[in-house]
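Below is one structure; the comments refer to it alone.
Numbering (the working numbering), first residue to last: 5 to 242.
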């Protein structure tokens, strides 16, 4: 009986992966058809709002975000290939390239590929570090290892990605299995939004965790985009 259940589960996982692979191909095709821009930022959808905000604030019409769904984090082994596909397309169009992705579970494969392609990415291992800054995030880790982190994006999509995404809506008894080792929920905010703060507090209550707030703004992500734009400005003028 256990073997049959395991086989069914494995078959469902393969089916979900095939469905996602097809979806990912469509996402890459859609990005490839976007109007050509002098520079592209290849990013996760979890960072798109902040990148768009920084671009609009600075009037960067030459900078085009190319977005890959945040669902890719459930399949980290596919992140490197997906980013590489968009890099290949951008290079064929002679576009300047910046990558707004962390390692995000690739085990160093993303950085190895980017080094070989001579493409820069935002510094940091994940979006929590992007938005808080490396030194501050290390302090968070030292203060409490058992911390569950939220950003604006994760706060907005908490029920979809965490509650329903992890099956907790139908099986709430799994809550202590997934979150029993956490003590605190830390909301690293990109915007000062009272509604989002309330949603983050509600998320902490659902998970049975202490709540803490930190405003990081766009953190090192904004600085990295500014630095990238400054470097390519001279080339774009020529």
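Even glycine gets a Cβ: it sits at the ideal position worked out from N, Cα and C.
For clarity, every value in this text was computed on a predicted model and none was experimentally measured.
| Item | Value |
| --- | --- |
| Looking at the secondary structure, which residues open and close the beta strand (DSSP E) in which residue 190 lies? | 188 to 193 |
| Taking the alpha-carbon positions, what's the residue 202 to residue 196 distance? | 11 Å |
| Suppose you measure from the CA of residue 143 to the CA of residue 137; what does that come to, to the nearest Å? | 10 Å |
| With distance defined between alpha-carbon atoms, name the residue in 214, 176 and 81 nearest to residue 112. | 81 |
| Take the Cβ of residue 193 as the centre, count every other Cβ of all protein chains shown within 10 Å, and call the residue buried at 16 or more, exposed below. | buried |
| Straight-line CA distance for residue 182 to residue 220? | 27 Å |
| Quick one: what's got a C-beta closer than 7 Å to residue 118's C-beta in the same chain, skipping five residues either side? | 103 and 125 |
| By DSSP, does residue 132 sit in helix, in strand, or in coil? | helix |
| Does the stretch 47 to 59 come close enough to the stretch 224 to 239 that 3 or more CB-CB pairs lie under 8 Å? | yes |
| Figure out for me which residue from 177, 99, 199 and 36 has the closest Cα to the Cα of residue 159. | 199 |
| Give a yes or no on whether the C-beta atoms belonging to residue 76 and residue 83 are separated by under 8 Å. | yes |
| Sort 105, 185 and 237 by Cα distance to residue 73 and report the nearest one. | 105 |
| Going by beta-carbon coordinates alone, are residue 189 and residue 207 separated by less than 8 Å? | yes |
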